[in-house]
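What follows is a set of notes on a single structure, which appears directly below.
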Amino acid sequence: MQQGTLMRKVKSKSWKKQRYFKLQEDCMTIWYQSKRTGKTESAFSISDVETVREGHQSEVLQSVAEEFPPERCFTIVFYGRRGNLDLIAGSAEEAQCWVQGLRQLIEPRSSPLTFALVSCTWIRDWFQKADKNKDGRMNFKEVQRLLKMMNVDMNEDHALRLFQDADKSESGTLEGEEFVLFYKALTQREEVLSLFQEFSEDGKKLTLLELADFLRQEQLEDEGTEELAMELIDKYEPSETARARHVLSADGFLMYLCSPEGSIFNPQHRALWQDMSQPLCHYFISSSHNTYLIEDQIRGQSSIEGYIRALKRGCRCLEVDCWDGPNGEPMVYHGHTFTSKIPFREVVSTLGKYAFKVRHPSPGAGGRGWSSVGEDTCAEGSWSCWPPAVQDPRAQSPWRRWVAQGASSSPTPQELKHKILLKGKKIGRLEDTLDGPGDEAPDVSDDDNGAEAEEERRRAKVRGTQHGSALQKDKESLAQTLSDCVIYCKNVPFRGFQEARGHSRPSEISSLSEAKARKLIRDEGNEFVRHNAWQLTRIYPSGMRTDSSNYSPQEMWNVGCQIVALNFQTAGMEMDLCDGLFSQNGCCGYVLKPPFMRDKETLFNPSDPSSREGPGPITLTIQVISGQQLPKVANSKEGAIIDPLVRVEIYGVPADQAHQETKYIENNGFNPRWDETLQFQLHVPELALIRFVVEDYDKTSRNDFVGQFTLAFANIKPGYRHIHLLSKDGTTIPPSSLFVHIRITE
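For what it's worth, full-length UniProt numbering labels the leading residue of the sequence shown as 1, then goes sequentially.
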């Protein structure tokens, strides 16, 4: 890694300033300063960096592509909503040095010993923050300052005793290993140690059988507990001697509890674990609204970053609003507003690069507002404008077989893997697309359903004559080439559930405003659930949400709406619920609906939990034990220490909506202890989401947000578990966590 490199920091085509960039000696911080003044402008931590992109992979760098080759350009992407840093190095070699160096520094976070590495980084960070005179040592006054910084309000005598115990050299200062000893004494987890000693005969170690007993009795692991115990010892025991003896020390026990295996989130559900061969309408689908916007709906910036961030977050349904631009070139922006514009081709190129970082297809919403000139440019005959994943489906055997069988159900995510679907208007019916020029009718002679399919096509032609005027109107306003792209998601107006059941098809989709959806939920809840068992429904935010705020997606999921579009750029409870639901199943953006929501004749109505078929209510008992190294509230006063409380919120059907909270702990954000038990009854646990929120109590004003974690009830692991907190932006706050005990009973 270069220790001081002159590079151009780019904000626009006309704003390119030279800055010196340098990696500090801690290998965790990068600062940059002005070449002209020598003044340090800013600094950032490696832990804030999500990834590094090479070449012209941002709008800013694309704007200077003719001036600077891609080999010299790269983009540093930060977690959350912080803006990217676009840089141009002096040479391709310098660019590679920084790109590879940054990636090496980022990489350790994904290793099996992430907890240990994060702890080491955390210790080093605190030492450097508190070492005011930068002499590599820490006196007691600096230790006191450190405790304030770490959210600890500790008795001075106790702090001095810990300091003196760690000062093995009796020099009156701490350095190196002495500070590590001080830190370990400070972070001693009494609640974990007492749990460890409860199962350890000698109080110093857990034998293989003792660990197996703990896993079976407390963690409710019911299969292969001895094999699992052996795996955990091999993975998390830091002592080679202990590993050789097949025992787990207290340090190893803590590392296990802080690991993915000790998380409240079932690690098996992080991978793809659900059946992906159901019809598309049987899944909740992660969906965004006006994806191109990264700010408000009226004057906000349109950016390909909106698509990149949404796709990397697991979003599978994107919105592309295209309008005529100069020389017939389509542009993407929020029509009839003052939002900025981006070329359609850049959006399509971005989709080609990022659409399949996750595993399954991406049905995309969009295509409103453009003229037939722009539409022809977008479709461009041979699909050359689109990424390879958008191919002419008429040439594919699944499509031909699907139409031949009467399109009686929507295709499955498995069948559509690595394909991009287009949702939009369409000229005529789907059969017209198949029977277009150059197409042959499918061979159905060996298909048992061939006669029925032929009869259905005959009836469709009869129905088609009844809609002649509408078809002519479509032809006047829609380009045929674009119409042919729309196969599985033909947009149709919603005229009621009875009309849909009699005349609509599984290949069609209707879009409803949040207000219209709420009225249908209130008046016809069961009919709405039945409708969503066989056809896709998209919900979008009210036009009054010009600030890009969000509605609660939970009430829409309660009736089985699949495509519940949210403004991904706006943090808050609504996006926490979205991230919480879709963090399972390999983050592929698809979550299978419960069985009672996939039956077209279901009796389920979310307003009446007794209508759900299956076992009765369950009881969820949560003992909130402790918290660890909670962050300070943003923009808090120097020396301020938080008074944390924990609130547990349940989102689901109306009967399950609830929240309870602990008392607050005064002046301790470092290792607060609550030891409080909260209990909830869930009537429809299959739809429930659990949100853990930590707040800083304030008796005179609204509590301040500290951190949160949200997950579906189906993904909870019972037993003693850690909850690793996330920020408002949904990014991890290492090593902040809660320690809880979970019980689920019927």
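C-beta atoms are modelled at their ideal positions from N, C-alpha and C, and glycine is treated no differently.
query                                                                                                        : result
Spatial distance of C489 from I509 (CA atoms)                                                                : 6 Å
4-residue-minimum alpha helix (DSSP H) runs that sit fully inside the segment 15-70, ordered along the chain : 59-63
Start-end ranges of the alpha helix (DSSP H) lying completely within the segment 200-242, minimum 4 residues : 208-217 and 225-236
Identity of the residues DSSP links to Y720 by a beta bridge                                                 : H741
Secondary structure of S371, DSSP reduced to three states                                                    : Low confidence applies to S371: its pLDDT is 38, below 50, so where it sits in the model is not reliable, and the reading given next is rough at best. Note: S371 maps to coil in three-state DSSP.
Which of helix, strand or coil DSSP assigns to M138                                                          : strand
Coarse secondary structure for F356, derived from DSSP in three states                                       : coil
Residue interval of the alpha helix (DSSP H) (run including M575)                                            : M573 to F582
Validate contact between the segment 578-597 and the segment 734-742 using beta carbons, cut 8 Å, 3 pairs    : no
Exposed unless 16 or more other CB atoms sit within 10 angstroms - verdict on S36                            : For clarity, residue 36 is Arg in the given sequence; the question names Ser instead. So R36 ends up on the exposed side.
Proximity to G719 [Cα-Cα], best of M556, L620 and P631                                                       : L620
Stretch pair the segment 635-649 + the segment 690-701: three plus CB contacts closer than 8 Å               : yes
When E231, G203, D202 and K204 are compared against A212, the one with the closest alpha-carbon              : E231
C-alpha distance - K134 paired with E227, whole-angstrom precision                                           : 49 Å
Same chain, Cβ closer than 6 Å to S42, five either side skipped, listed in chain order                       : none
Sheet register partners of L6 (DSSP bridge)                                                                  : Y20
Y307 - DSSP class collapsed to helix/strand/coil                                                             : helix
E221 versus I233: straight-line alpha-carbon distance, rounded                                               : 16 Å
Among L195, Q164, V192 and F494, nearest to L181 - alpha-carbon criterion                                    : Q164
Limits of the unbroken alpha helix (DSSP H) element including N491                                           : It is not in any alpha helix (DSSP H) - N491 instead sits in the beta strand (DSSP E) that spans C489 to N491.
For E178, three-class secondary structure by DSSP                                                            : helix
Coarse secondary structure for D446, derived from DSSP in three states                                       : Residue placement at D446 cannot be trusted, given a pLDDT of 36 that sits under 50; what the coordinates show is reported in the next sentence. Residue state, collapsed to three classes: coil.
Strand pairing of L645, partner residues [DSSP]                                                              : E695
Cβ neighbour criterion (16 or more within 10 Å) applied to F196                                              : buried
Three-state secondary structure (DSSP) of L195                                                               : helix
Coarse secondary structure for D251, derived from DSSP in three states                                       : helix
Beta carbon of E295 nearer than 8 Å to that of S542                                                          : no
Cβ pair count under 8 Å reaching 3, the segment 713-730 against the segment 261-274                          : yes
Nearest candidate by alpha-carbon position, reference A310, set W557, Q681, P330 and S286                    : S286
Alpha carbon of A185 to alpha carbon of N550, nearest angstrom                                               : 45 Å
Classification of R530 by the beta-carbon crowding that lies within 10 angstroms, buried from 16 upward      : buried
Of the residues V143, G224, T337 and A271, the one placed nearest C587, counting alpha carbons only          : A271
C-beta contact flag for L711 and G580 at 8 Å                                                                 : yes
Same chain, Cβ closer than 6 Å to R598, five either side skipped, listed in chain order                      : H282 and A533
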